[in-house]
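Asks: Structure provided below as C-alpha cells; questions to follow.
Protein chains: 2
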Amino acid sequence: MSDFPPSSDGRPDARPLYAQVESILNARIAAGEWQPGHALPSEPELAQELGVSHGTVRKALDALERRHLIERRQGKGTFVARQTSERARFHFFPIRDLQGRQVEPTSTALSLVTTPATEEERAAMHLPADALLHRVRRLRAKDGVPFMLDETSLPAAVFPDFTVPAGREPMEELYVVYQKRYGVTVVRSEELLSADGASPEVAAVLEMPVGAPVLIMERRTWDAGGRMVERRTSWLNTARHRYVSVME
Amino acid sequence: MSDFPPSSDGRPDARPLYAQVESILNARIAAGEWQPGHALPSEPELAQELGVSHGTVRKALDALERRHLIERRQGKGTFVARQTSERARFHFFPIRDLQGRQVEPTSTALSLVTTPATEEERAAMHLPADALLHRVRRLRAKDGVPFMLDETSLPAAVFPDFTVPAGREPMEELYVVYQKRYGVTVVRSEELLSADGASPEVAAVLEMPVGAPVLIMERRTWDAGGRMVERRTSWLNTARHRYVSVME
Chain A
1 MSDFPPSSDG RPDARPLYAQ VESILNARIA AGEWQPGHAL PSEPELAQEL
51 GVSHGTVRKA LDALERRHLI ERRQGKGTFV ARQTSERARF HFFPIRDLQG
101 RQVEPTSTAL SLVTTPATEE ERAAMHLPAD ALLHRVRRLR AKDGVPFMLD
151 ETSLPAAVFP DFTVPAGREP MEELYVVYQK RYGVTVVRSE ELLSADGASP
201 EVAAVLEMPV GAPVLIMERR TWDAGGRMVE RRTSWLNTAR HRYVSVME
Chain B
249 MSDFPPSSDG RPDARPLYAQ VESILNARIA AGEWQPGHAL PSEPELAQEL
299 GVSHGTVRKA LDALERRHLI ERRQGKGTFV ARQTSERARF HFFPIRDLQG
349 RQVEPTSTAL SLVTTPATEE ERAAMHLPAD ALLHRVRRLR AKDGVPFMLD
399 ETSLPAAVFP DFTVPAGREP MEELYVVYQK RYGVTVVRSE ELLSADGASP
449 EVAAVLEMPV GAPVLIMERR TWDAGGRMVE RRTSWLNTAR HRYVSVME
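As given, the protein sequences belong to chains A and B, one line each in that order.
1 is the number of the first residue of the first sequence in the numbering used here; add one for each residue after it.
249 is the number of the first residue of the second sequence in the numbering used here; add one for each residue after it.
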C-alpha cells in the first residue's frame, strides 16, 4: 500500500481505507474528471492503481452507489450516474397527494432575476463580496390548481447564463439541468420545515386566504464536491397535498 | 447451491441471491429467533449453511447493517443491533431548533387509555374486528416551554400491559421500550406533513392562540417483519422549532 495517496494536507487520514478510496473517486467525479456516463476502470484496475485490495475498492464503490454517484450495470461495468428526471422527482420532490401517492405537477416559471447576494447569503454559501445570485420563482399546479410556490437562489458564478423557459413547462427538472449544462451533480438536500400564515403575496399566488396556514420548506443543496449550490424556499398549500418524510 | 431454501410459496424467487439471504436473516431477527445482542454465526458458517458464496453473505450483511438491524464490531463479530436511545432520537425524532441543531426535550405523559380501534384503523393496520389500541398522549417541552404534542396508537395485542410512567420523564424512548419489553424492532417510519390551524385543544396544550398555524405529522411505523406497529399524530408549534428532512 506504499503508493496510496496521502491526504491533501499531509496529515495521516484516520478514516477506514475504503472511505479514503471513496473520497478519491468522489473527487474525480466532483471535479468533472469523470463525467456523467463515463465508464470507471475495473475493480482490479482501481485496486492496482490505488494500491488497495479488491474488497476495499468494492466497499468504496458500494458507498458511491448508495449515494447515487455511480451505477453498476450487470455485465457492462460501472458508470458515473446521470441525474435523471425520475430521481430528481422521486428523491428531491417529496410532495405527495393525500393518500401518499407521487404527484406529477406542471411547473410554471414566474420570474428569473439576477441580483446581489445578501450578506447572510454570502456567509451561508461562502461567496465573495460581489457575488450575484439568480432567483427563479416557479409555481406548481395539479389539474390547473396551483399548490406550491418556490424561490430558488443559485450562485451566478456556478451557473453562468442561466435561463429557464418562460411560461408553462414541460421543463426539465432543475437538477437535471444543473448536471447537463453545468456539470453540477446534486447529491444531498436538507430542509427545515415550519408552518406559518400565508403572506398576501403567497396567498395571491396559491389562491388561498391571507393568513391561512401554509407549510414552509427552507432547503439547502450540496453537490458531489460538498459545495452548497442552491438555497430554496417553498410554500405548500396542504389542502390537497402532503410533504412526505421517510426515516429508516 | 442445491441446499438453498426455496421461497415460502414454492415459486422461484427472482430477486438477487444476496436479497434472498437478507430476507432469510431478517426473518430470524423479526421472529425473535435471534434476539437483540445475539452474535450471528461467522460469514463462512452462514455461507455454508445457506449454500451461497462468502461475497453473497457479505452483501446481505451489508444491507442489514445499513438498515441498522445488525452491528459489526471490529474483531468481535456481528451482532443483532439493540435499539438505542441515541438512534431512536436521532433517526426518529426529526425536530431541530431554528439553527438546525438536535433538540433534547423533556417528555411528559398526559394520558394512556385503551379503546377499540376504529374501522379505518383496523383496515390500515390489518387488525381483527375486536382489536384494542393503547393511546398515549405525550407533551414535549424545552426549557419548560411546551412545543409538541403527540398521540400514539399501539395494538394492544402486540403490546400487552403497556404502561408509561406518569408525569415528567426521564422516560426511555418508546422505540427502546418496544424492543426491550416486547421484542419489536422499529426499522422504518413514514410521515405525511401538513399545516393547519391549531384546534382549541391543541392550542391549549401548546399554549398558542386557537387557529394559529401548526405543523401536523401523521406517522406510520413498521417493525423488522414489515408489520405496522404504530400510528402517531404530532402537532408542532414552529415558533422555536423546525422539522428536518434530509434527501440524498
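Even for Gly, the Cβ is constructed at its ideal location relative to N, Cα and C.
1) What does the Cβ neighbour count give for E201/A, buried or exposed, with the cut at 16 atoms within 10 Å?
2) Could you tell me which chain B residues have their CB closer than 8 Å to the CB of H91/A, listed as they occur along the chain?
3) I need the DSSP call for A129/A, collapsed to helix, strand or coil.
4) Within 10 angstroms of its Cβ, does S301/B collect 16 or more other Cβ (buried), or is it exposed?
5) Taking 9 Å as the CB-CB cut-off, is D444/B touching chain A?
6) Using the beta-carbon count (16 or more within 10 Å), is P461/B buried or exposed?
7) Check for me: the beta strand (DSSP E) holding L422/B runs from which residue to which?
8) Could you check what DSSP says for T304/B in three-state terms: helix, strand or coil?
9) Just by C-beta distance, which residues in the stretch 310–339 of chain B are closer than 9 Å to chain A?
10) For P418/B, which residues from the same chain have a beta carbon less than 6 Å from its beta carbon, with the 5 sequence-adjacent residues on both sides left out?
11) Entirely within the stretch 274–301 of chain B and at least 4 residues each: give me those alpha helix (DSSP H) ranges in chain order.
12) Determine which residues share a DSSP beta bridge with H241/A and list them.
13) Span of the alpha helix (DSSP H) holding P200/A?
14) Roughly how many whole angstroms lie between the Cα atoms of H339/B and E86/A?
15) Would you call the stretch 134–144 of chain A and the stretch 95–106 of chain A in contact, with 3 or more CB pairs under 8 Å?
16) Starting from R480/B, trace the beta strand (DSSP E) both ways and give me its first and last residue.
17) Can you name the residues of chain B whose CB is closer than 8 Å to the CB of P213/A?
18) Taking Y182/A as the query, report the chain B residues whose CB atoms sit under 7 Å from its CB, ordered along the chain.
19) Can you find the residues in the same chain that come closer than 6 Å, C-beta to C-beta, to L46/A, ignoring five residues on each side of it along the sequence?
20) DSSP beta-bridge partners for Q350/B?
21) May I ask you to check if the CB of V435/B is nearer than 8 Å to at least one heavy atom of the ligand NAD?
22) Mind pulling the chain A residues with CB within less than 8 Å of P342/B?
23) Mapping the DSSP letters down to three states, classify P418/B as helix, strand or coil.
24) Is K59/A buried or exposed, if buried means 16 or more other CB atoms sit within 10 Å of its CB?
25) Output the distance between the C-alpha atoms of L312/B and A443/B, rounded to the nearest integer angstrom.
26) I need the boundaries of the beta strand (DSSP E) containing V145/A, first residue and last residue.
27) Using DSSP with H/G/I as helix, E/B as strand and the rest coil, what is R82/A?
Replies: Taking the geometry as given:
1) Working through the first sequence from its first residue, we reach residue 201/A at position 201. Exposed is the call here.
2) By one-based count along the first sequence, residue 91/A stands at place 91. In chain order: M495 and E496.
3) As a first step, residue 129/A must be located in the first sequence, where it is residue number 129. Reduced to three states, the DSSP call for A129/A is coil.
4) Your numbering for residue 301/B matches position 53 in the second sequence. Under this definition S301/B is an exposed residue.
5) Your numbering for residue 444/B matches position 196 in the second sequence. By this cut-off, D444/B is an interface position.
6) The count along the second sequence starts at 1 and reaches residue 461/B at position 213. P461/B should be labelled buried.
7) Residue numbering aside, residue 422/B sits at position 174 when the second sequence is read from its first letter. No beta strand (DSSP E) contains L422/B, which is instead part of the alpha helix (DSSP H) from L422 to Y430.
8) The sequence position of residue 304/B within the second sequence is 56, counting from 1. In the structure shown, T304/B falls within a helical segment according to DSSP collapsed to helix, strand and coil.
9) From the stretch 310–339 of chain B, only D310, R314, R315, H316 and H339 have a Cβ closer than 9 Å to chain A.
10) The residue you call residue 418/B lines up with position 170 of the second sequence. Bear in mind that the predicted position of P418/B carries a pLDDT of just 45, short of 50, making it too unreliable to give a figure here.
11) If only uninterrupted alpha helix (DSSP H) runs of at least 4 residues are considered, those enclosed by the stretch 274–301 of chain B are 291–298.
12) Within the first sequence, residue 241/A is the residue found at index 241, counting from 1. For H241/A, which the question treats as bridged, DSSP gives the partners D97/A.
13) As a working note, residue 200/A is residue 200 in the first sequence. Here the alpha helix (DSSP H) through P200/A covers P200 to L206.
14) Here residue 339/B is taken as the residue at index 91 of the second sequence, counted from 1. Here residue 86/A is taken as the residue at index 86 of the first sequence, counted from 1. So the two alpha carbons sit approximately 26 Å from each other.
15) Contact between the stretch 134–144 of chain A and the stretch 95–106 of chain A is present, because at least three Cβ pairs lie under 8 Å.
16) Position 232 of the second sequence, counted from the first residue, corresponds to residue 480/B. R480/B -> beta strand (DSSP E) spans M476 to L484.
17) Counting from 1 along the first sequence, the entry for residue 213/A is found at position 213. Listed along the chain, the chain B residues whose CB falls inside 8 Å of the CB of P213/A are A443, D444, G445, P461 and V462.
18) As a working mapping, residue 182/A is identified with position 182 in the first sequence. For Y182/A, no chain B residue has a C-beta closer than 7 Å to its own C-beta; the minimum C-beta separation is roughly 20 Å.
19) Sequence index remark: in the first sequence, residue 46/A carries index 46 (1-based). Residues of the same chain with a CB within less than 6 Å of the CB of L46/A, apart from the 5 flanking positions on each side, are V57 in chain order.
20) The residue you call residue 350/B lines up with position 102 of the second sequence. Residue pairing from DSSP places Q350/B in a beta bridge opposite R344/B.
21) Of ligands this structure carries none, so the ligand NAD is not represented either.
22) In the second sequence, the residue the question calls residue 342/B occupies position 94. Going along chain A in sequence order, the residues near P342/B (Cβ under 8 Å) are S245 and M247.
23) For this step, residue 418/B is matched to residue 170 along the second sequence. Per-residue confidence for P418/B stands at a pLDDT of 45, beneath the threshold of 50, marking its modelled position as unreliable; the derived number appears in the next sentence. Under the three-state reduction of DSSP output, P418/B falls in the coil class, being neither helix nor strand.
24) Your numbering for residue 59/A matches position 59 in the first sequence. Around the beta-carbon of K59/A, 16 or more other beta-carbon atoms lie within 10 Å, marking it buried.
25) Here residue 312/B refers to the residue found at position 64 of the second sequence. Here residue 443/B refers to the residue found at position 195 of the second sequence. Distance between the alpha carbons of L312/B and A443/B is about 35 Å.
26) Numbered from 1 along the first sequence, position 145 holds the residue referred to as residue 145/A. Run containing V145/A: V145 to P155, per the beta strand (DSSP E) assignment.
27) Here residue 82/A refers to the residue found at position 82 of the first sequence. R82/A: coil per DSSP, three-state reduction.
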